[in-house]
Each structure stands twice: as C-alpha cells, then as structure tokens.
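Undergrad: Submitted below is the structure of interest, expressed as structure tokens.
Number of protein chains: 2
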Amino acid sequence: MASTDRKKPVLATVAALAGVSAPTVSKVLNGRDDVSAATRARVQAALEELGYESPVQRRARSSGPAMVDLVIDGIKTYYPLEVLTGILDYAAVAGVEIVLGNITPGKMRSANHEQWAQHMLESGRKGLILVTSEVTAKQLESFHRRNIPVVVIDPLNPPNHGIVSVGSTNWAGGKAATEHLLDLGHRRIAYLGGPAGAECSVARQHGYLAALMARGVPSRPEYMVSESFSHDFGVRGTRALLALADRPTAIFAGSDSTALGVLEEARRQGLRIPEDLSLVGFDGTNVTEQTLPRLTSVAQPLKEMGRVALRSVLRMADGEVLDSRRVELATELVIRDSTAAPAGLAA
Amino acid sequence: MASTDRKKPVLATVAALAGVSAPTVSKVLNGRDDVSAATRARVQAALEELGYESPVQRRARSSGPAMVDLVIDGIKTYYPLEVLTGILDYAAVAGVEIVLGNITPGKMRSANHEQWAQHMLESGRKGLILVTSEVTAKQLESFHRRNIPVVVIDPLNPPNHGIVSVGSTNWAGGKAATEHLLDLGHRRIAYLGGPAGAECSVARQHGYLAALMARGVPSRPEYMVSESFSHDFGVRGTRALLALADRPTAIFAGSDSTALGVLEEARRQGLRIPEDLSLVGFDGTNVTEQTLPRLTSVAQPLKEMGRVALRSVLRMADGEVLDSRRVELATELVIRDSTAAPAGLAA
DNA sequence: CTGAAAGCGCTTACAG
DNA sequence: CTGAAAGCGCTTACAG
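Just so you know, the sequences run in chain order A and B.
Position 287, counted from 1, in the first sequence is what full-length UniProt numbering calls 287; the numbers after and before it change by one each time, with no gaps.
Position 316, counted from 1, in the second sequence is what full-length UniProt numbering calls 316; the numbers after and before it change by one each time, with no gaps.
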C-alpha cells in the first residue's frame, strides 16, 4: 500500500527494514524452516511493505503474462467446466495465464506441498485456485510461508483454517429447495449430501433442516445421507432411501450429478418423476436442461465464482487485503419439470 | 546432441569454449550489439553445443514439472473440450503442466509472436499446442528460431509451411458420410464446410466429391458452401440451401456444431429430420447423443488427437525426430437417427 | 535460530 | 570490439 517507493527494493533493503541480515531474508524467501516465527513475520511484513520481487519473479513478470495455478478435478462434469470457463474469462481480461497442474484434488493429500509451493515460487506464479478440494492447515502453511495466495472454491473442509474461499449461499439454497417441496405438499423429503464435513454440503443440509423446522415437519435421520457429490452416490443413496418402509416422496440432491444418479435409479425401479418422486438438484449446470424431465435445481453462479476466485487471488498477490475471507454469491432456485405435488395430493 | 556433458555449463564454460571472456558471452545473451558478427557466431555455437541455460531457465526447469502451452478456443463446445481432456490425460501421465494462455486462435494473427516466444523461452516452456488455429510461416519462425516445438491439431491452414500437425482421416470420413447418404438413396446432397482453405475441411469436401463421382452423381457448386465450423453458419447455410429451387434432400455438415445449426433452421422451417431432410455431422462429440433426433456423425478420436499432440511436442522437445510431420488417426461413421431415405423413396 | 564471511554467476563501467 | 576489474544481488557453509 504505502510509501517507501524510491527504487526497486533489493534483498538488502528488506533486510535493513526488517532489522535482520540478508541471509535471513533469503531463507524466508526460499521457504526454509530454520527461521523463527517472529523473525519470519517481521521479514514478511518488510517484504510486503516494500513490494519486494525476486529477480526470478521480476523477470517472469516483466517478460510476459503472470501465471496462476489451478487444481480442478477433471472437466468431465459441468460443475468444474463452468468454473473453469469463468476463470478463463477473467484470465483473458486480466491478462494472466492459467496453469493446469497434474495434481487433481484426489492427489492433493499425498502431494509434496513444500516442493510444489517451491516450484510455484520459482516459476513466478501469482497464486493458486483450488476447486472443491480439501486443504489441511499444514498444506496451507507451505503456501502461506511463501506468500503465495490460495483461494478455494467450495472447499471440502470443515469450515476453519482461515482459508480464503468463494462459494454461494448454500444455506439459503438448501432452504429454498426444501420450501419449494414443502409448498408442493411434500412432507417426506430426503437429503442426499456431499462428503462428510464439506462446508457447502453441511450448509445446504442446515438450510433443509431450517425449512422443515419452520413448517413443523420433523426431520428424520434416515432421510439424511451424506457421502459424496457423485453420480454413483445418487444411485446408491436412492436405492437405500427407496428401500425404507416409509419412502420419501421427494429427494433433494446435494448436486446435479447426484440428482442424475437419483434419476437413473428411480427410472430403474419404475418410478416416474415427478409423479411418483419429486427431485431437486443443486448447481444449476447445463445438464438440468438436458434431462427428461428437465431438472429443478438450485443454481449456483459457477462462472462468476470462478471469476471472483481469480480476481481474489490477483488482489492478494498485489498485496491488497480482502474485505472478507469468505465470499458468498447468491443462489437461485430454478423450477423446471422434476417437481410436483406428491401422488396422494395430485388432482 | 553430442558429447561434452560433464557438469551444468555456466557462462564461464561457454566463454572458455568460445575462446572469449565472460562479459562477451553476457553481451550475446542479452542481445547487445557491441559484439562482432564473427564473435557472436562463435559464442552462439558454443551456447548451443553446451546446451547452456540461464539460471532462470535452469531453475524453472529443474524445479518441477515441465510446462507446455496450449492455445484453444474456449471450451464452450465439445470439440475443444474433448481435445483438452485428452491433452490433460496425457499431461497427468507425463507429469507436465498445461498453460492455458490468454491468446485465443482469433487473436493469434495480431499477437506479438516474438515477444510471446521469448516469454515461453524464459519461462522454460517445452512447446506449444494449437487447436484449430491458423499459423503463418512468419509466426512459426519465431518459435522455430528458439527451438520451441509447435504442433497444430486440425490446422486451419492451407496445407504447407511444414507445420507438424495431428488430425484424422478427413477425406475418408467425408467419403464415408457421403456414401452412407448415397446408399440411402439421396442424390441431392449438400456440403456445409469450414473456413476456406482449412486443410481438414477441404479434405472432407474432397471425400464427399470422391463418393459422388464414384457413383456417377454430378456435383453442384451451389450445394457446396464453406465458411466456418460454427453453429451460426449452420443456420445461415441451411437457409441458403433451402431457398434453392432444387433443394438438397440431405446435408453433410463439416462439424457437429454446424449440424446443430442445420437442425435448428430445419426445425424453424417446419422440416422433419430425417423424414424431410437427412443430416450428417462431423466430429462425433457428445452432442450427437443429446439432440433429437440423435445425430449421425463422423466421429474423430478427439481425446486421442489431444494425447498424440502432447506426446509429439514432448518428443520434439527431447530432440527426437518425428516419423512424420502429419499424423492422421482413423475416423468412424456412427449412424444414429438423423439420416433416412429421401421422401420420394420412403416406403 | 542468526549472521559474518566467503562464494557464485552474471553484469556493468571503462580502459585500450 | 574486447576483456580485466569491480560490482551486484543472492546463496551457502558454518561458527556461535
């Protein structure tokens, strides 16, 4: 932000400001761990105040577009695809390059984060965007120590760690979906959620519970199953739900992919949708328009989420302080053809 | 290629080999002009012989996965999406990172290629993959001079320039599509092709012509319109074809996107497909299964094309000499529901 | 955990 | 045009 911009700051300048020696600054820059937390903090502050860039970074920057890393799980489904589209849209505007690494969220756990973060630093990468990934505090530390901004879109984490994240109003979305089903006359409504502890799924479920509670409809544990956002879980979850003595008349799926699985299994069991079973998805991806019947779903502004994530990374890289560690964009329930009054109430 | 690989060559090593001082090598590296042509040549030869890399380059390269640049036009349609999927598949196997630049094929013409190639060099990029782009000899030269391998998937070029390219058996595909329509009894068959001069589209058209000729069906100039592979052109092209006194009974579209446009315009004019108009697409992307009726199409192995392109770039970067400048993978006609006998012949 | 000292590799300023 | 000398900025090895 402030002041001291006379000349390009060099390592010695930073050392002077921080009141340490040049070797110590060098260690901080290279992410070595033989530096005390207090000293490291002072050096980081000095680096930030002076806006120090290493020769590598300066060179990488002066010689062309900046790079931002992206970890995204394939582009087989619409969810990551739309997020990627949003990111690339903004990348074109901001003139940055997006690096698709070969580390998928599944491999995130096992990857050597120290090495990876170091590589990012040395290649002059501006920051990192993770899409639906789980990040541990320790992993985050590798990037934090090197001043590499990280933003997660819909983290699969229990909400903590001080992760900077972008998502949508999951709670409100879950509530809207459930209220819609209640309005249609449903009372036996099930929720098929994502990975245990995933912030976004938990919020959706709480929105669902809030809607039930507001109408005085008791929630039932057997109607709430959470495991993953996959198609496959939609199939298995539905099989379990339909095997109950007191079958639900409506299913609220935590993702559109899961809803597709529900659709598949319901069809296999000879149930018509929406006549015999109402179904609401979550995400609002293009598939909702391609299924038969078209899928009622809570739309997330996925492209916008991608754009915002990249913008946030770039802001952090510029030393700006974000207003909030968490950005939530509005969801919107889009009613299509997969929901109707339950059989008993039909005209 | 040869010999002298004991240790990482440093600037002084190069100077020794060239019989000059370190400052002189530095000048050559930095493009300064106070070096005689003869000395410069000697230094350049030494640089090449030793495979000298600047610290920046060495660092970028040795510290992690290699990078390959990719220029692809959005991911809105299935074509680039599937190619990208194939590239990323192989990237994961080969352990390389894919850099999605902000240069889309449309901007390729205007971009400063010298600067871009220089940036690639300095960032340690291994090579460049272009998807359905047009490349001029002059542009290619910028990369060639820096020893940066370039591979184009389905180039939109007149076939020359010695471009290394990957594609599919377009001629055979065009022939197969047309033979299928002829077999059904069609004689008035139109072709809606891609950009004028695009190698792949021209080959498809020649396959079409070859099939007509083999059956003694005369070709008609008014039945052959080439402009682009877009949806929009499918609409406009169809409007023009259906305005002819002697309407075609079948349309062979140069891409699935174009076929979608044909479908849209035919529907708008109240024509049923395949009863009133038969339609064959090209690409065999997922959309062919999602339209109503499902689209008969010549499938290209798009993922495989992506994989092969990346593999070729990496081979070239390793100094391997490719067997052939052009790789063609097999196409396959997949018959679905958009083709039938012409109205006059129907049962 | 810290830094004085030595070192590395490249670049600059300047004398010839 | 060329290079000995000085310099720059960062890193390494090691003593405390």
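Using N, Cα and C, we set each Cβ at its ideal position, and we do this for glycine too.
(1) Need the endpoints of the alpha helix (DSSP H) that E304(B) sits in, please.
(2) Evaluate M213(A) with the Cβ neighbour count: other Cβ atoms within 10 Å of its Cβ, from every protein chain shown; 16 or more gives buried, anything less gives exposed.
(3) Could you name the residues of the same chain whose beta carbon sits closer than 7 Å to that of V235(B), not counting the 5 residues immediately before and after it, in chain order?
(4) Note down, in chain order, each residue of its chain lying with its Cβ closer than 7 Å to the Cβ of A117(A), except the 5 sequence neighbours on either side.
(5) Going by beta carbon distance, what residues of the same chain come within less than 8 Å of H161(B), once the five residues before and after it are set aside?
(6) What are the residues of the segment 283–296 of chain B that lie near chain A, defined by any Cβ-Cβ distance shorter than 8 Å?
(7) Note down the Cα distance separating D232(B) from A259(A), rounded to an integer number of angstroms.
(8) Under 8 Å between C-beta atoms, does P80(B) make it to chain A?
(9) For Y191(A), write down the residues that DSSP places opposite it in a beta bridge.
(10) Three-state secondary structure (DSSP) at S165(B)?
(11) Put F282(A) into one of helix, strand or coil per three-state DSSP.
(12) In terms of residue numbering, what span does the alpha helix (DSSP H) encompassing S142(A) cover?
(13) In chain order, what residues of the same chain lie with their CB nearer than 7 Å to the CB of L50(A), ignoring the 5 residues before and after it?
(14) Alpha carbon to alpha carbon, how far is M1(A) from V308(B)?
(15) Given a cut-off of 8 Å on the beta-carbon distance, is the pair L292(A) and A253(A) in contact?
(16) Taking the DSSP output, what are the residues bridged to R326(B)?
(17) For I98(B), which three-state DSSP category applies?
(18) Apart from the five residues just before and just after K107(A), which ones in its own chain have a Cβ nearer than 8 Å to its Cβ?
(19) If you follow the alpha helix (DSSP H) that V20(A) is part of, which residue opens it and which one closes it?
(20) Using a Cβ cut-off of 8 Å, pull out every chain B residue sitting near G101(A), in sequence order please.
(21) For A347(B), count neighbouring C-beta atoms within 10 Å of its own C-beta (all shown protein chains included) and say buried if the count is 16 or more, exposed if not.
(22) Could you please give me the residues that DSSP links to M67(A) through a beta bridge?
(23) Assess contact between the segment 68–78 of chain B and the segment 78–89 of chain A, defined as three or more Cβ pairs (one per stretch) separated by less than 8 Å. Is contact present?
(24) Return the CA-CA distance between Y191(B) and R325(B), expressed in angstroms with no decimal places.
(25) Examine chain B for any beta-carbon lying closer than 8 Å to the beta-carbon of L88(A), and answer yes or no.
(26) Given P342(B), which residues of its chain have a CB within under 6 Å of its CB, disregarding the five upstream and five downstream residues?
(27) Checking the sheet assignment: what are the DSSP bridge partners for V298(B)?
(28) Along the chain, where does the alpha helix (DSSP H) containing V287(A) start, and where does it finish?
(29) The alpha helix (DSSP H) with V10(B) in it runs from where to where?
(30) Using a Cβ-Cβ cutoff of less than 6 Å, which residues in the same chain neighbour G193(A) once the five nearest sequence positions on both sides are dropped?
(31) Helix, strand or coil for L130(B) per DSSP?
(32) Around the Cβ of D318(A), are there at least 16 other Cβ atoms within 10 angstroms (buried) or fewer (exposed)?
(33) For G344(B), does the count of other Cβ atoms within 10 angstroms reach 16, so buried, or fall short, so exposed?
(34) Which residues bound the alpha helix (DSSP H) around V202(B)?
(35) Look up I87(B) in the DSSP assignment and say whether it is helix, strand or coil.
(36) Near L277(B), which residues of its chain fall below 6 Å by C-beta distance, leaving aside the five closest residues on each side in sequence?
TA: Let me lay it out:
(1) Taken as a continuous stretch (DSSP letters only), the alpha helix (DSSP H) holding E304(B) covers L302 to A317.
(2) Exposed is the call here.
(3) Only G261, E264 and E265 meet the Cβ criterion.
(4) Annotation for A117(A): G31, S142, F143, R146 and I148 place their beta carbon closer than 7 Å to its own, counting only its chain and skipping 5 residues before and after.
(5) These residues qualify, in order along the chain: V135, T136, A137 and L140.
(6) From the segment 283–296 of chain B, only Q290 have a Cβ closer than 8 Å to chain A.
(7) Near 33 Å, if we compare the C-alpha coordinates of A259(A) and D232(B).
(8) By this cut-off, P80(B) is not an interface position.
(9) In the DSSP assignment, the residues bridged to Y191(A) are M224(A) and F252(A).
(10) Three-state DSSP puts S165(B) in a strand.
(11) Here F282(A) sits in strand by DSSP.
(12) Looking at the DSSP string, the run of the alpha helix (DSSP H) that includes S142(A) is A137 to H144.
(13) Taken in chain order, the residues that qualify are T4, P9, T13, V14 and L17.
(14) With a pLDDT of only 36 at M1(A), under 50, the local geometry of the prediction cannot be trusted, and the value read off the model is given with reservation. Spanning the two alpha carbons is a distance of roughly 48 Å.
(15) No, the pair does not count as a contact, with Cβ atoms beyond the cut-off.
(16) In the DSSP output, where bridge partners are listed per residue, R326(B) has S165(B).
(17) In this structure, DSSP gives I98(B) an extended state, which the three-state scheme calls strand.
(18) Once the five neighbours on either side are set aside, K107(A) has no close Cβ partner at all.
(19) Annotation: V20(A) is outside any alpha helix (DSSP H) and is labelled neither H nor E by DSSP.
(20) For G101(A), the C-beta contacts it makes with chain B under 8 Å involve P65 and E97, in order along the chain.
(21) Interpretation of A347(B) is limited by its pLDDT of 46, a score under 50 that renders its predicted location unreliable; the figure taken from the coordinates is listed afterwards. Its Cβ having fewer than 16 others within 10 Å, A347(B) is exposed.
(22) Under the DSSP definition of a beta bridge, M67(A) partners with E97(A) and R125(A).
(23) Yes, the segment 68–78 of chain B is in contact with the segment 78–89 of chain A.
(24) Rounded to whole angstroms, the gap between the alpha carbons of Y191(B) and R325(B) is 28 Å.
(25) By this cut-off, L88(A) is an interface position.
(26) Counting only Cβ-Cβ distances below 6 Å, and skipping sequence neighbours, we find G185, H186 and T249.
(27) F282(B) and L333(B), per the DSSP bridge assignment.
(28) Boundaries of the alpha helix (DSSP H) harbouring V287(A): V287 to Q290, taken from the DSSP string.
(29) Counting along the chain, V10(B) sits inside no alpha helix (DSSP H), nor does DSSP assign it H or E at all.
(30) Shown here for G193(A): same chain residues with a beta carbon closer than 6 Å to its own, the five before and five after excluded, namely S201, Q205, S226 and G254 in chain order.
(31) When DSSP states are grouped into helix, strand and coil, L130(B) belongs to the strand group.
(32) Note on D318(A): under 16 other CB atoms within 10 angstroms of its CB, so exposed under the neighbour-count rule.
(33) Counting C-beta atoms within 10 angstroms of its own C-beta, G344(B) has fewer than 16 neighbours from the protein chains shown and is therefore classed as exposed.
(34) First-last of the alpha helix (DSSP H) with V202(B): E199 to A214.
(35) It is helical.
(36) Listed in chain order, the non-local C-beta contacts of L277(B) below 6 Å within the same chain comprise A266 and L271, local neighbours out to five positions each way being set aside.
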